[in-house]
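So the sequence lines, in the order shown, correspond to chains A and B. Whatever position you read off the first sequence (first residue = 1), add 880 for our numbering. Whatever position you read off the second sequence (first residue = 1), add 154 for our numbering. Just so it is clear, CB atoms sit at the ideal spot from N, CA and C, and this is done for glycine as well. Computed from a predicted model, the values in this text were never measured in an experiment.
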Amino acid sequence: MTRGVPRWVIGLMLPIALLLLWQAWGSAANNVRMPLPTKVAAAAVQMVADGELPRAILQSVTRVFAGFMVAALLAIPLGLAMGHSRAIERNVDPLVESFRPIAAIAILPLAILWFGTGTSAAIFIVAYAAFFPLVVNTIAGTKRINPSLLQAAATMGIPRFTTIRTVLVPAALPSIGVGLRIAMGVAWTAIVAAELAVGAKAGGGGSGGVGQMMFVFYAYSIELNRIIVCMIAVGLVAFTLDRLLRGALRLAMPWSVR
Amino acid sequence: MSEAVRLRIEHAGKRFPAANGKETIAVEDVTLDVTQGEFLVLVGPSGCGKTTVLTMLAGLQLATSGQVLFDDRPITAPGPERGVMFQDYALFPWCTVWGNIEFGLRHGPAGAGMNTEARAQRVRHYIELVGLTGSEEKYPHQLSGGMRQRVALARLMANEPAVLLMDEPLAALDAQTRLILQDELLRIWGQDRPASERRTVVFITHAIDEAVFLADRIAVMTTHPGRIKALIDVPLPRPRDDRTRALPEFQALTQQIWNLIRDEAYRATVT
């Protein structure tokens, strides 16, 4: 029955059906507060046109990147060291594992006290959230190296540091890539949560970002349609970032089978 | 033999602690000298410790008793003068064929003082030698088992180590390629040159005819515990080629070695 119909058309059928259902049900409910697909679309056009939404998204994305970079610079070398050296792992692992279950949002009070309600607090939260999936995956990737690859390097007389760079890092790279993708997702959820919470603390006049924008729509102007626009924007941006990251990883690992 | 001893194994043993608190004896009381330019082949049934002997020579494992020496110095670590070809090839999956063969020259002491052009020339030479021309840009996962083995062989050769330690380097090849590479191996080893200009080789194989064709001397090993059962000289004339395989002495030696390991080989197969 579906033969000849392109896959993307089939893929769109369920979302469109749900949108239609939402529209029909929402119209029937006859409540001014009820968000409707048509209203959401209109709000989206307006928010994009006046530059408000792109500015907020850009603000949040910049923070995600900054925090993400901080996390990568700390977590990847640490993960390599922990995966490679039993002694380092034995010393550092208890510390990492006892912080890992503490959600990023739970350290927000500290972040605000230390860094205020601006960008540095946001970066701190993102870096904290992204750190753990990165370190855990880097350790796993480093440990999973085929030991004969290190032996091969040793029998060729490759110096130790060169071996780390030319053998250990590329061997761990597929796992580091998985860690980067998970970390990116976690970073993005953390930034929205952090901005929402910072928005609550700073009132209307905070330092922006899409999360804070959502807080303003929720607490002050009460515009559910706009909150939904923000939610959709967050989802689309996260999806795009993941695809970009996947593409970059594929370019960085031409040997990988997938 | 007038050449100097390069590798010396004196009453060497290797024991591992086993899970049940006892010890596993991998090899026991192995004594063996390998002289400069000699082609020594280790044969024996599975589990006789051939690979253990090789890894002790490589410095990847250290003997738990006795000593293992290279040029009269104890072997305590791997070194570029003792190149190893691993049973699982140990190719770097993220390097192309070219990158794998160039690896030691590029990152290790084997390529010290060589410029890019000299390195490329060396790599190209060994790629041609093992018949990988046209596959330079492929990654290991795109190659057949036989081709991977050739990459590993070329990578070992490209570093031009004084000692070649090879663990079943031709096992994954089809019969024809295997014969061709046996000839090539002897040529690269330097069978046309005097012993002082040859590499020193320790070579593991399951194939007795391969051992007889290649070796100056064959160490036949036995299991439980792994030790050397017999050391057999192979006085076949060099250079060797296809005619060598047809010699009655070749057949006789093959039979003699088979007689030495037959019982154990059968036992290993049946149990």
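At least 8 Å separates the CB of B:Tyr280 from every CB of chain A. Proximity of B:Asp242 to chain A, defined by a Cβ-Cβ separation below 8 Å, is satisfied. Between the stretch 393-401 of chain B and the stretch 336-351 of chain B, the count of C-beta pairs closer than 8 Å reaches three or more; the two stretches touch.
Taking a beta-carbon distance threshold of 8 Å, B:Pro247 counts as an interface residue toward chain A.
Within the DSSP secondary-structure output, B:Pro228 pairs in a beta bridge with B:Leu223. Taking a contact as a CB-CB distance under 8 Å, the pair A:Ile1107 and A:Phe1097 counts as one, their CB atoms being some 5 Å apart. A Cβ-Cβ contact shorter than 8 Å links B:Phe240 with B:Ala306. Buried is the label assigned to B:Tyr280, since at least 16 other Cβ atoms lie within 10 Å of its Cβ. Considered as a whole, the stretch 1015-1098 of chain A harbours 1027-1035, 1040-1043 and 1049-1082 as its complete alpha helix (DSSP H) runs of no fewer than 4 residues, in chain order. If you draw a straight line from the Cα of A:Lys919 to the Cα of A:Leu1104, it comes to about 10 Å. The beta carbon of A:Ala1034 falls within 8 Å of a beta carbon belonging to chain B, placing the residue at that interface.
Fully contained in the stretch 241-280 of chain B are the following alpha helix (DSSP H) runs of length 4 or more, in chain order: 251-261.
For B:Lys383, the enclosing beta strand (DSSP E) starts and ends at Arg381 to Asp387. Contact between the stretch 346-359 of chain B and the stretch 312-330 of chain B is established, with three or more Cβ pairs separated by less than 8 Å. As DSSP reads the structure, B:Leu186 sits in a beta bridge with B:Ile163. Beta-bridge analysis with DSSP links B:Glu177 to B:Pro171. In the structure shown, the three-state DSSP call for A:Val1006 is helix.
Beta-carbon to beta-carbon, A:Ile1003 and A:Gly963 are separated by about 26 Å, too far to satisfy the 8 Å threshold.
Taking the Cβ atoms as the reference, A:Ser1055 lies roughly 5 Å from A:Asn1017, within the contact range of under 8 Å. Rounded to whole angstroms, the separation of the alpha carbons of A:Val1114 and A:Thr1120 is 10 Å. Segment contact: the stretch 974-991 of chain A against the stretch 1038-1046 of chain A, fewer than three CB-CB distances shorter than 8 Å; contact not assigned.
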